[in-house]
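Chemist:
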Amino acid sequence: MLLDLIVGARPNFMKIAPLIREIEKRRATGLDMGYRLVHTGQHYDRNMSGSFFDDLGIPEPDINLNAGSGTQAEQTSGIMLGYEKLLMQKKPDLCVVVGDVTSTMACAIVAKKILVPVAHVEGGIRSGDMTMPEEINRIVTDSITDYFFTTSETANENLRKCGVSEDRIFFVGNTMIDTLLSSRPRFIKPSLWDELQLAEKGYIMLTLHRPNNVDDAANLQRLLHEIIYNAGGLQVVFPVHPRTRKVLGSSADSLKSLNLYLTEPLGYLEFNYLVERAKAVITDSGGITEETTVMSVPCMTLRDSTERPETVTMGTNELLGTNPYAIAPAMQKLLSGNWKKGSIPPLWDGHTAERIIEIIYKLSL
Ligand code: UD1
Numbered sequence: 027m028l029l030d031l032i033v034g035a036r037p038n039f040m041k042i043a044p045l046i047r048e049i050e051k052r053r054a055t056g057l058d059m060g061y062r063l064v065h066t067g068q069h070y071d072r073n074m075s076g077s078f079f080d081d082l083g084i085p086e087p088d089i090n091l092n093a094g095s096g097t098q099a100e101q102t103s104g105i106m107l108g109y110e111k112l113l114m115q116k117k118p119d120l121c122v123v124v125g126d127v128t129s130t131m132a133c134a135i136v137a138k139k140i141l142v143p144v145a146h147v148e149g150g151i152r153s154g155d156m157t158m159p160e161e162i163n164r165i166v167t168d169s170i171t172d173y174f175f176t177t178s179e180t181a182n183e184n185l186r187k188c189g190v191s192e193d194r195i196f197f198v199g200n201t202m203i204d205t206l207l208s209s210r211p212r213f214i215k216p217s218l219w220d221e222l223q224l225a226e227k228g229y230i231m232l233t234l235h236r237p238n239n240v241d242d243a244a245n246l247q248r249l250l251h252e253i254i255y256n257a258g259g260l261q262v263v264f265p266v267h268p269r270t271r272k273v274l275g276s277s278a279d280s281l282k283s284l285n286l287y288l289t290e291p292l293g294y295l296e297f298n299y300l301v302e303r304a305k306a307v308i309t310d311s312g313g314i315t316e317e318t319t320v321m322s323v324p325c326m327t328l329r330d331s332t333e334r335p336e337t338v339t340m341g342t343n344e345l346l347g348t349n350p351y352a353i354a355p356a357m358q359k360l361l362s363g364n365w366k367k368g369s370i371p372p373l374w375d376g377h378t379a380e381r382i383i384e385i386i387y388k389l390s391l
């Protein structure tokens, strides 16, 4: 059995790594399963892509489609053309896509049209917000997916509502959490820890990259100012995504003088070292809300909706919305010690990849 494993952008790497590890492990005991690791090249900077391969022990991609940056249509079409060429040379038995980035949708479409069945890891989640490119990617991908590997009961329910039959839904848990739990003993203290003299629970981590928050420069400045002024004097550590960096431009230098420390995007092991020890995380990422829930770190999400509701109903996450003035009361709650404790959602136990590979092996492909 040959699988294509598709990765493209930063959040894909931690979702695919445990699948590769599990296939390798089982191949060593005789499992007849091969794979091609296909990198679309949607993310290409070392600190957005290559460093994750090193940190997570992912082998070099077998194929790189080198799609690069561009508009949504440019990226989608570039990836589709590249992946179609590959499939014309050799078809796998199953195309495995993960998450909700443009590469996920583009490769799923190509595979399905060329009659290769599609498996979607993290299928079924929905934010309901059609202004997010990821929501469109999720809906399109799921509309042509054959096998759904889901992270939550809400995802299962969303799929049922779309008419997906029960025998195609596999509630297996979260491969991103497999990676988190297996990497936790290897987290690395970044050099900025000593530089800034950080202490456990003595600083806040910030990440922002969603178009809604960062594409308007004035809005981004307002958000940053509200965070800085309400942080109760705590240092705010801000690894800046390339998209956000572009919008900040030269204003990044003036912000540096306040209690805001801007740095390049960090590697996986360094970033999570900081998250695990932070007083709180402020973010607009979806994946980080899952990681903070598992590590019991208070998380404030600067979005109006989430496709991961269990991080709010069970975990440590709260949705603040995108209004910068929602930050002050949330920070007061945090600093007065009144943030909720949270619990870990079912099956986020570090064994999801084992379940997925076992199920794929048993599919009659
Ligand atoms: C993508 C995903 C988003 C995910 C995020 C994580 C989509 C629609 N969005 O958003 O779900 O949370 O990745 O980072 O797939 N750039 C670089 N170097 C890189 C990559 C990007 O400089 O290695 C710059 C490019 O100029 C690009 C911009 O960052 O225009 C945004 O990159 P893009 O891949 O379009 O989307 P992200 O915002 O990263």
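For the sequence shown, position 86 matches number 112 in the working numbering, and the numbering has no gaps at all. Backbone N, C-alpha and C define an ideal beta-carbon position, used for all residues, glycine too.
#1: Can you tell me whether residue 318 sits near the ligand UD1, meaning its C-beta is under 7 Å from at least one heavy atom of the ligand?
#2: Per DSSP, what kind of secondary structure is residue 226 in: helix, strand or coil?
#3: Using 8 Å as the threshold, is the C-beta distance between residue 113 and residue 136 below it?
#4: Can you have a look at residue 188 and say buried or exposed, based on whether 16 or more other CB atoms are within 10 angstroms of its CB?
#5: My understanding is that residue 144 touches residue 124, with C-beta atoms under 8 Å, so please give their C-beta distance in whole angstroms.
#6: Would you say the beta carbon of residue 239 is closer than 7 Å to some non-hydrogen atom of the ligand UD1?
#7: Among 56, 81 and 93, which one has its Cα closest to the Cα of residue 43?
#8: From the DSSP secondary-structure annotation, give me the bridge partner or partners of residue 343.
#9: Are there 16 or more other CB atoms within 10 angstroms of the CB of residue 351, so buried, or fewer, so exposed?
#10: Closest Cβ-Cβ distance between residue 120 and chain D: below 8 Å?
#11: Hey, quick one: how far does the beta strand (DSSP E) through residue 65 stretch, first residue to last?
#12: Between the region 254-270 and the region 44-54, do at least 3 Cβ pairs fall closer than 8 Å?
#13: Could you check which residue in 226, 246 and 334 has the C-alpha nearest to that of residue 323?
#14: With DSSP collapsed to three states, give me the class of residue 195.
#15: What residues are listed by DSSP as bridge partners for residue 30?
#16: Any idea if residue 334 is buried or exposed, counting beta-carbon neighbours within 10 angstroms, 16 or more meaning buried?
#17: In angstroms with no decimal places, state the Cα-to-Cα distance between residue 366 and residue 61.
#18: Can you say whether residue 303 is buried or exposed, counting buried as having 16 or more other CB atoms within 10 angstroms of its CB?
#19: Compare the beta carbon distance of residue 213 and residue 195 with 8 Å and say whether it is the shorter of the two.
#20: Taking 8 Å as the threshold (C-beta atoms), are residue 198 and residue 382 in contact?
#21: In angstroms with no decimal places, state the Cα-to-Cα distance between residue 306 and residue 232.
#22: Assuming residue 289 and residue 218 make a contact with CB atoms under 8 Å, what is their CB distance in whole Å?
#23: If you compare alpha carbons, which of 356, 93 and 206 is closest to residue 297?
#24: Alpha carbon to alpha carbon, how far is residue 344 from residue 111?
#25: So, are the CB atoms of residue 181 and residue 151 less than 8 Å apart?
#26: Could you tell me whether the Cβ atoms of residue 171 and residue 200 are closer together than 8 Å?
#27: Please report the Cβ distance between residue 258 and residue 357, rounded to the nearest whole angstrom; I am assuming they are in contact, meaning their Cβ atoms lie under 8 Å.
Modeler: The answer reads as follows:
#1: no
#2: coil
#3: yes
#4: exposed
#5: So it is not a contact: roughly 11 Å between Cβ atoms.
#6: no
#7: 81
#8: 325
#9: exposed
#10: The displayed structure is made up of one protein chain only, and chain D is not part of it.
#11: 60-65
#12: no
#13: 226
#14: strand
#15: 62 and 121
#16: buried
#17: 42 Å
#18: buried
#19: no
#20: yes
#21: 9 Å
#22: 6 Å
#23: 206
#24: 44 Å
#25: yes
#26: no
#27: 7 Å
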